[in-house]
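Protein chains in written order, with our numbering: chain A, 1 to 148; chain B, 1 to 148. What follows is a single structure, written as structure tokens, with notes after it.
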DNA sequence: CTGACTTTGACTTTTACTGACCAAAGGTGT
DNA sequence: ACACCTTTGGTCAGTAAAAGTCAAAGTCAG
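So, in structure tokens, the structure goes:
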């Protein structure tokens, strides 16, 4: 098996667990008994943005290379969530939903905060209690759909 | 973890509480077991004006280094807007506000879309018409405040 | 055989850290 | 006042520890 393929597999495996893998170039090169620049070759040939990955790195002491898998199915995931929201949505469920979306890196931190504050009980204080879950459902569906 | 990062974190933590952190170079260096000039390195590499910080210092007995975080216009602009929102906010005004914030690049496109859709008439359809402007005002104030 | 893909290694650039030496502010004795 | 010492912080150049680049050499399917 090709060296590049083994390295690719290794990184893919790391990304299996989390969609964020951090490696140290020299260390990895040593483990695979290859030259460090081989790692760069693998990264530029198999982990490109077109293939759904973001590679960030830092040189110098304590440097690193971080590979992030982009969720291409952002829209799919969002549509799924949107469809799962019925006519009403209570705040606890909403909070869980947002946190899930955030930790799956489907939405970013700012969007999460905006959604959470929109759905907060305090924000909807002026809405008659019996209507709140209805309004919250509408808010979330309409806000999430803008992010597709 | 890098020494520089630990020092950065330490200073950031101080700035969390207040916009203003005062340190003594030698003392801090000793606490982290490094040479004093390491502190300067961290300050010049991570607390530059471009990154939104001002560093002032004074030598001699009772000397100090003071790091001040400059709150970018963003917060000021947002606070200004937030304060200008009264108890009620109609949709037209809200739309103008958001577009202004966006064209001044104080908020990004996604945030603008989220705010607009939260305030839309259709989104707030379940809210009794007489309450809508109240709810919209609350929504905007609470959402904008998360972006400060 | 040829062209695309792999592998290698020499050289470059960036970042982190250290230490020797410098500069300024305050304190003190005359 | 002044000279001198102490207590701070500042600078800079050197070393080390990463990662990046690029072109030459190797491999392999068609």
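In this text, a Cβ means the ideal position worked out from N, Cα and C, and glycines have one as well. Computed from a prediction, not measured in an experiment: that's the story for all the values here.
(message) Taking the beta carbon of residue 127/B as the centre, do at least 16 other beta carbons fall within 10 Å, making it buried, or is it exposed?
(response) That one is buried.
(message) By the 7 Å beta-carbon criterion, what residues does the stretch 128-144 of chain A contribute toward chain B?
(response) The stretch 128-144 of chain A vs chain B, Cβ under 7 Å: 131, 134, 135, 138, 139, 142, 143.
(message) Which residues in chain B have a C-beta closer than 7 Å to the C-beta of residue 113/A? List them in chain order.
(response) Listed by position along chain B, the residues whose Cβ is nearer than 7 Å to that of residue 113/A are 146.
(request) Could you check the C-alpha separation between residue 146/B and residue 38/A for me, to the nearest Å? (result) Cα to Cα, residue 146/B sits roughly 44 Å from residue 38/A.
(request) Tell me, please, whether the CB atom of residue 16/B is closer than 8 Å to any CB atom in chain A? (result) So no, residue 16/B is outside the interface.
(message) Taking its Cβ as the centre, do 16 or more other Cβ atoms sit within 10 Å of residue 75/B, making it buried, or is it exposed?
(response) By the neighbour-count rule (16 or more Cβ atoms within 10 Å), residue 75/B is not buried but exposed.
(request) In the DSSP assignment, find the unbroken alpha helix (DSSP H) run with residue 120/B in it and report its ends. (result) For residue 120/B, there is no enclosing alpha helix (DSSP H), as DSSP marks it with neither H nor E.
(request) Going by CA-CA distance only, name the one from 23/A, 28/A, 96/A that's closest to residue 113/A. (result) Checking every option, the nearest Cα to that of residue 113/A belongs to 96/A.
(request) Indicate whether at least one CB of chain B lies closer than 8 Å to the CB of residue 33/A. (result) No - not a single Cβ of chain B is within 8 Å of the one on residue 33/A.
(request) List the residues of chain A whose Cβ lies closer than 9 Å to the Cβ of residue 93/B, in chain order. (result) Neighbours of residue 93/B on chain A: none; closest Cβ ~17 Å, over 9 Å.
(request) May I ask you to report which of helix, strand or coil DSSP gives residue 22/A? (result) Taken through DSSP and simplified to helix, strand or coil, residue 22/A comes out as strand.
(request) Check whether the Cβ atoms of residue 115/B and residue 143/B sit closer than 8 Å, and answer yes or no. (result) Result yes, Cβ atoms of residue 115/B and residue 143/B sit closer than 8 Å.
(message) Quick test of the definition: if touching needs 3 or more C-beta pairs under 8 Å, does the stretch 82-102 of chain B touch the stretch 49-63 of chain B?
(response) At 8 Å Cβ cutoff, the stretches do not touch.
(request) Determine, using beta carbons only, whether residue 156/B and residue 23/B come nearer to each other than 8 Å. (result) This structure cannot settle anything about residue 156/B, because the visible part of chain B is limited to 1 through 148.
(request) Could you name the residues of chain A that residue 110/B contacts, counting a contact when the two beta carbons are closer than 7 Å? (result) When 7 Å is used as the limit between beta carbons, residue 110/B is near these residues of chain A: 111, 147, in chain order.
(request) Return the first residue and the last residue of the beta strand (DSSP E) that residue 42/B is part of. (result) First-last for residue 42/B: 36-46, but that is the alpha helix (DSSP H), not the beta strand (DSSP E).
(request) Pull up the CB-CB distance for residue 42/B and residue 8/B, whole angstroms please, since I reckon it's below 8 Å. (result) Residue 8/B and residue 42/B do touch by the CB rule: their CB atoms are close to 6 Å apart, below 8 Å.
(message) Using beta carbons (cut-off 8 Å, strictly below), is residue 71/B in contact with chain A?
(response) Output row for residue 71/B: interface = no.
(message) Suppose the cutoff is 6 Å on Cβ atoms and the five residues either side in sequence are ignored; what does the same chain contact list for residue 47/B look like?
(response) 53, 55, 67.
(request) Tell me whether the beta-carbon of residue 118/B lies closer than 8 Å to the beta-carbon of residue 118/A. (result) Yes.
(request) May I have the straight-line CA-CA distance separating residue 130/B from residue 5/B, to the nearest angstrom? (result) Straight through space, the alpha carbons of residue 5/B and residue 130/B are spaced by roughly 53 Å.
(request) Figure out for me which residue from 77/B, 29/B, 45/B has the closest Cα to the Cα of residue 100/B. (result) Among 77/B, 29/B, 45/B, the Cα nearest to that of residue 100/B is on 77/B.
(request) Measure the alpha-carbon distance for residue 16/A versus residue 1/A and round it to whole angstroms. (result) Rounded to whole angstroms, residue 16/A to residue 1/A spans 21 Å at the Cα level.
(request) Ignore the nearest five residues each way along the sequence and tell me which others in residue 3/B's own chain have a CB closer than 8 Å to its CB. (result) Cβ within range, chain order: 32, 34, 38.
(request) Please name the residue in 21/A, 27/A, 20/A whose C-alpha comes closest to that of residue 62/A. (result) Looking at the Cα atoms, 27/A is the closest of the given residues.
(request) Could you have a look at residue 56/B and say whether DSSP puts it in helix, strand or coil? (result) Per DSSP, reduced to three states, the secondary structure at residue 56/B is strand.
(message) Going by DSSP in three states, residue 107/A sits in which element: helix, strand or coil?
(response) Looking at residue 107/A - three-state DSSP - the assignment turns out to be coil, as it is neither helix nor strand.
(message) Quick check: the Cα distance between residue 45/B and residue 134/B, rounded to an integer number of angstroms?
(response) A direct Cα-Cα distance of roughly 46 Å separates residue 45/B from residue 134/B.
(message) Just checking: is the beta-carbon of residue 125/B within a distance shorter than 8 Å of some beta-carbon in chain A?
(response) Answer yes: the Cβ-Cβ gap between residue 125/B and chain A drops below 8 Å somewhere.
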